[in-house]
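Enquirer: This is the structure I want to talk about, given as structure tokens.
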Amino acid sequence: MQPTYIADSLSDLKTIANKILEDNSEDKIFILEGEMGAGKTTLTKYLCENLGATDNVCSPTFAIVNQYYSDIIGDIYHFDFYRINKEQEAFDIGFEEYLYSGNYCFIEWAEKVSSLLPLHYTIISIKEIQEKRREISIRKV
Numbered sequence: 117m118q119p120t121y122i123a124d125s126l127s128d129l130k131t132i133a134n135k136i137l138e139d140n141s142e143d144k145i146f147i148l149e150g151e152m153g154a155g156k157t158t159l160t161k162y163l164c165e166n167l168g169a170t171d172n173v174c175s176p177t178f179a180i181v182n183q184y185y186s187d188i189i190g191d192i193y194h195f196d197f198y199r200i201n202k203e204q205e206a207f208d209i210g211f212e213e214y215l216y217s218g219n220y221c222f223i224e225w226a227e228k229v230s231s232l233l234p235l236h237y238t239i240i241s242i243k244e245i246q247e248k249r250r251e252i253s254i255r256k257v
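Using our numbering, count along the sequence shown one by one with no gaps and you end on 257.
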């Protein structure tokens, strides 16, 4: 059974992020799915905060990858592939090296790099069900 959470506020997202990390403590690769504006980056911010990152977590839309640091777990990588046109662009930035680094990776718009993804990862799907209300479901691949 795939866990599903309902977020009515930003504080709910922080609690849900903590629960996601607790329930998936063995996982390091997370794919965030959802429409533009669904809250993928906001949830990533709370995931990173719960992992101890003190950096400003923001969308890597133009940089493609942002690196954050946690005194607890080390480096955390946040990808946004919305702007890429070919998988080769992800390959050229060393995406596979990030994936197999053993560090946490949070990936938005992963469908654009589907053939580069590892065999196993966790998908976090975010769906707006009402204004400011989100349904967040988790499944493993």
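Note that the Cβ used here is the ideal one computed from N, Cα and C, for glycine as well.
Whether or not the stretch 200-213 and the stretch 228-244 are in contact is what I'm after, with contact meaning three or more pairs of Cβ atoms, one per stretch, closer than 8 Å; do they touch?
Expert: Counting Cβ pairs under 8 Å, three or more are found: they touch.
Enquirer: Could you name the residues of the same chain whose beta carbon sits closer than 8 Å to that of K248, not counting the 5 residues immediately before and after it, in chain order?
Expert: Around K248: D124 and S125.
Enquirer: By a C-beta neighbour count over all protein chains shown, 10 Å radius and 16 as the cutoff for buried, is E224 buried or exposed?
Expert: Looking at its Cβ environment, which holds 16 or more other Cβ atoms inside 10 Å, E224 is buried.
Enquirer: By DSSP's criteria, S141 is part of a beta bridge. Which residues make up the other side?
Expert: None, per the DSSP bridge assignment.
Enquirer: Do you know offhand how far H236's Cα is from S253's?
Expert: Taking the straight line from one Cα to the other gives about 17 Å.
Enquirer: Which partner residues does K256 have in the DSSP bridge list?
Expert: Paired residue(s): T238.
Enquirer: Classify V181 as helix, strand or coil using the three-state DSSP reduction.
Expert: Strand, per DSSP.
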